[in-house]
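Asker: Counting the sequence shown from 1 gives a position; the working numbering is that position plus 2.
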Amino acid sequence: MAAKSNGGSGKHNISGSGKHNIPSNGGGVVATKQHNASLSGTSTRGREFEDPETKAYMKANAAKALWQLAKGNAAICKNITESRALLCFAVLLEKGEGDVQYNSAMALMEICCVAEQNSDLRRSAFKPTSPAARAVVDQLLRVVEKAEYDDLLIPCIISLGCLSRTFRATETRIIGPLVKLLDEREADVSREAAIALTKFACTDNYLHVDHSKAIISAGGAKHLVQLVYFSEQVVQIASLTLVCYIAHNVPDSEELAQAEILTVLEWASKQAYMMQDPVIDNLLPEAKIRLELYQSRGAKGYH
């Protein structure tokens, strides 16, 4: 059955050429805009009336997709950080639940890992003056300070470590909560805390001396001694690496002398499995020499 013609009604007639016949008075343009606005409004209202479970599902999957896309991809991370997504992740990490929170934490971790290796991304996305960057750090720190052993803690620790070179010397609130996690019962938490703190104390970090002093002031030395002596091997290596950097950076520290860090290094130098680690093999001898030098000077001055 043939379709009826609309004649000269002024609606969106389709001619044989497949193009719209737009009346010269522009009425069709107005009608088109009104139609599109109506559809847009309907779409927005539809999203407003979606149930919370559907909204959470969509947010979780969007965050997961961005997490996967961000892995090792500086260009994608740049696009994410230049949009409002960074701030959205901070909000979701604070107020989301379940997969929404976890996927947001993982997405932030991947972005921070890329920023650690990419100075341009680090400078543009995580400037200390950026409101989005501050919001992200606030939420990462909130999770770390809460120190609950859940799916969020490890990625947030890793993220703070990756951002270590973005913090000023005056930004002292990061070190303390990470040092407290060295005293955590869970081995993977202690290990990641040690690795994160090492990124603050290593010589690649311009403020390594300031950060090393902050780690010592927060009570890090006594925790590290226990970890080097008594923890699992993977935790021992991570902790000993941090000890070596701190001893190298602040060899004249009275707290290190009181914690008998030199004795720890002497003991570690006799453990074959520790010295087989190339980083330890490179760092420990120099750290030991510097401690011996400064502590012998201190002993002479005392007497």
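Where is the CB? At the ideal position from N, CA and C, for every residue including glycine.
What do you reckon, are the CB atoms on residue 248 and residue 198 nearer than 8 Å?
Answerer: Indexing the sequence shown from 1 puts residue 248 at position 246. Indexing the sequence shown from 1 puts residue 198 at position 196. Going by C-beta atoms, residue 248 is not nearer than 8 Å to residue 198.
Asker: Following the continuous alpha helix (DSSP H) through residue 212, name the residue where it begins and the one where it ends.
Answerer: Taking the sequence shown and counting its residues from 1, one reaches residue 212 at position 210. Taken as a continuous stretch (DSSP letters only), the alpha helix (DSSP H) holding residue 212 covers 210–219.
Asker: Over what stretch of residues does the alpha helix (DSSP H) that includes residue 187 continue unbroken?
Answerer: Along the sequence shown, read from residue 1 onward, the residue named residue 187 stands at position 185. Run containing residue 187: none; DSSP gives neither H nor E here.
Asker: Scan the segment 138–185 and note each continuous alpha helix (DSSP H) run of 4 residues or more that stays entirely inside, going in chain order.
Answerer: Correct list: 155–164, 177–182.
Asker: Could you give the C-beta distance for residue 91 and residue 106, rounded to a whole number, given that I count them as a contact under 8 Å?
Answerer: The count along the sequence shown starts at 1 and reaches residue 91 at position 89. The count along the sequence shown starts at 1 and reaches residue 106 at position 104. Right, their Cβ atoms sit about 5 Å apart.
Asker: Please tell me whether residue 98 and residue 61 are closer than 8 Å, where the distance is taken between their beta carbons.
Answerer: Within the sequence shown, residue 98 is the residue found at index 96, counting from 1. Within the sequence shown, residue 61 is the residue found at index 59, counting from 1. Yes, the Cβ-Cβ distance between residue 98 and residue 61 is below 8 Å.
Asker: Can you tell me the Cβ-Cβ gap for residue 245 and residue 226, rounded? I've got them flagged as a contact below 8 Å.
Answerer: Here residue 245 refers to the residue found at position 243 of the sequence shown. Here residue 226 refers to the residue found at position 224 of the sequence shown. With a Cβ gap of about 5 Å, residue 245 and residue 226 count as contacting.
Asker: Which residues mark the beginning and the end of the alpha helix (DSSP H) in which residue 265 is found?
Answerer: The sequence position of residue 265 within the sequence shown is 263, counting from 1. Taken as a continuous stretch (DSSP letters only), the alpha helix (DSSP H) holding residue 265 covers 263–270.
Asker: One question on the structure: do residue 145 and residue 155 come within less than 8 Å of each other, judged by their Cβ atoms?
Answerer: On the sequence shown, position 143 is the one that residue 145 refers to. On the sequence shown, position 153 is the one that residue 155 refers to. Yes.
Asker: Does DSSP put residue 205 in a helix, in a strand, or in coil?
Answerer: Position 203 of the sequence shown, counting from 1, holds the residue named residue 205. Of the three classes helix, strand and coil, the one that applies to residue 205 here is coil, per DSSP.
Asker: Go to residue 75, then tell me how far its alpha helix (DSSP H) extends in each direction, as first and last residue.
Answerer: The count along the sequence shown starts at 1 and reaches residue 75 at position 73. Counting along the chain, residue 75 falls outside any alpha helix (DSSP H), and DSSP gives it neither H nor E.
Asker: Whose C-beta lies closer than 6 Å to the C-beta of residue 319 among residues of the same chain, with five residues either side of it excluded?
Answerer: Examination of residue 319 is not possible in this model, given that the chain is present from 3 through 305 alone.
Asker: Is the segment 183–192 close to the segment 130–138, with three or more CB pairs under 8 Å?
Answerer: As far as the Cβ criterion goes, the segment 183–192 does not touch the segment 130–138, which means the pair count is below three.
Asker: So what does DSSP say about residue 336, is it helix, strand or coil?
Answerer: Because the chain here runs from 3 to 305, residue 336 falls outside it and cannot be looked at.
Asker: Rounded to the nearest angstrom, what separates residue 272 and residue 287 at their Cα positions?
Answerer: By one-based count along the sequence shown, residue 272 stands at place 270. By one-based count along the sequence shown, residue 287 stands at place 285. One C-alpha to the other measures close to 11 Å.
Asker: On the CB-based measure, 16 or more other CB atoms within 10 Å of its CB, does residue 151 come out buried or exposed?
Answerer: Taking the first residue of the sequence shown as position 1, residue 151 is located at position 149. The residue is exposed, with fewer than 16 neighbouring Cβ atoms inside 10 Å.
Asker: Please report the residue range of the alpha helix (DSSP H) in which residue 124 lies.
Answerer: Stepping through the sequence shown from its first residue, residue 124 is reached at position 122. Residues 121–127.
Asker: Given a cut-off of 8 Å on the beta-carbon distance, is the pair residue 217 and residue 240 in contact?
Answerer: By 1-based counting over the sequence shown, the position of residue 217 is 215. By 1-based counting over the sequence shown, the position of residue 240 is 238. Their beta carbons are not under 8 Å apart, which means residue 217 does not touch residue 240 by this criterion.
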